[in-house]
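Each residue of the sequence shown is one higher than the last, beginning at 1 in UniProt numbering.
Just below is one structure, and these are the notes that go with it.
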Amino acid sequence: MPNVPNTPMLTSRGELNAAGHVTLKGNISVNSAYAASDHFALMLNGSIMNNHKPKKDFQHNLIETGAGYFTTFGPEKNRILEVYAGVGKGNSERVYKDKTSSGMITEDRQEINFNKTFFQVNYSSKRKQDLKLFGARFPLNYGTALRVSHLKMTEFMRNSVGQAKENNIFLEPVFFTRMAISNAVQIQYTSGSNFGLRNRKFLTAGNSVFSLGLVIGVGGRNLANDDQ
């Protein structure tokens, strides 16, 4: 189950960005980024999910950190390019169940610990079009991200028996739209896909990303007004 990629859209030194997202499956992602200089940034991300269904339980935890480069460009300096790389680690558990005359029994329990490395490119722009709603105007921001992640199992237990460990490379193209409700707060909708580049039995691509989130930004340049 992929976490929502961090797309802070940083513009200048001292800017701090924090965001929380939730997917339709109940995967919660928390992302943060800080611009340590006018072009260098640090990020810290986390993800958690605990989903229980009649025939399947799934839970996972992930934490990752990274660093990278950002810049603004274009005639009005209202386009943003970000490049990040980082590492992370996490765990997941899948439990498949079946109902019998004596109640629910566990048929298959899969427990995985893994390490992660990732490389990510974000592109975004701040357009002049606004969304008119209830007599008010809400500026819209658009962007896309492409993340390449390598996941490698460090431990794989199936029904308490050690299994052969797997690894895989995932390609994740993501598109997002933000609606500003104040100078510091935006609502973000994210959609994207997740593709596993290697044929694996257990470490396979998760569900596509469809999430709704809240983004808070402090500091930075107001690109929409730089040309005024």
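Cβ atoms here follow ideal geometry from the backbone N, Cα and C, with glycine treated the same way.
Under the three-state DSSP convention, the category residue i falls into
i      : result
Thr100 : strand
Gln120 : strand
Lys77  : coil
Leu10  : coil
Val4   : coil
Ser160 : coil
Gly86  : strand
Gly220 : coil
Arg147 : strand
Asp130 : strand
Residues sharing a beta bridge with residue i, DSSP
i      : result
Lys165 : Answer by DSSP bridge pairing: none, since Lys165 is not bridged.
Gln110 : Arg94 and Arg158
Gly135 : Answer is none; Gly135 lacks a bridge partner.
Whole-number beta carbon distance between residue j and residue i, since they are thought to touch under 8 Å
i      : j      : result
Gly192 : Met9   : In fact, because the Cβ distance is near 16 Å, the residues do not count as touching under 8 Å.
Asn17  : Gly217 : 5 Å
Gly220 : Ser29  : At roughly 22 Å, the Cβ-Cβ gap does not stay under 8 Å, so Gly220 and Ser29 are not in contact.
Ala19  : Gly213 : 6 Å
Thr23  : Ala145 : Contact flag wrong, Cβ pair sits at about 15 Å.
Gly206 : Pro2   : 5 Å
Lys132 : Lys97  : Not really, about 49 Å apart at Cβ, beyond 8 Å.
Tyr123 : Leu81  : 6 Å
Asn141 : Arg109 : Not really, about 43 Å apart at Cβ, beyond 8 Å.
Leu62  : Gly26  : Going by Cβ atoms, the distance from Leu62 to Gly26 rounds to 14 Å, so no, they are not a contact pair.
Ile112 : Asn91  : 6 Å
Phe175 : Gln188 : Wrong, their Cβ atoms sit about 11 Å apart, outside the cutoff.
Residue i at chain B interface by Cβ criterion, 8 Å
i      : result
Thr106 : The structure shown has no chain B; it contains just one protein chain.
*asked:* Please give me, in chain order, every unbroken run of the beta strand (DSSP E) with length at least 3 that falls completely inside the stretch 12 to 83.
replied: 16 to 23, 28 to 35, 40 to 52 and 56 to 73
_Just to confirm the assignment: which complete beta strand (DSSP E) runs, minimum length 3, are found wholly within the stretch 165 to 216?_
167 to 180 and 185 to 192
*Could you tell me whether the stretch 114 to 124 touches the stretch 133 to 151, where touching means 3 or more Cβ pairs closer than 8 Å?*
yes
*asked:* Three or more C-beta pairs under 8 Å: does that hold for the stretch 38 to 54 against the stretch 62 to 71?
replied: yes
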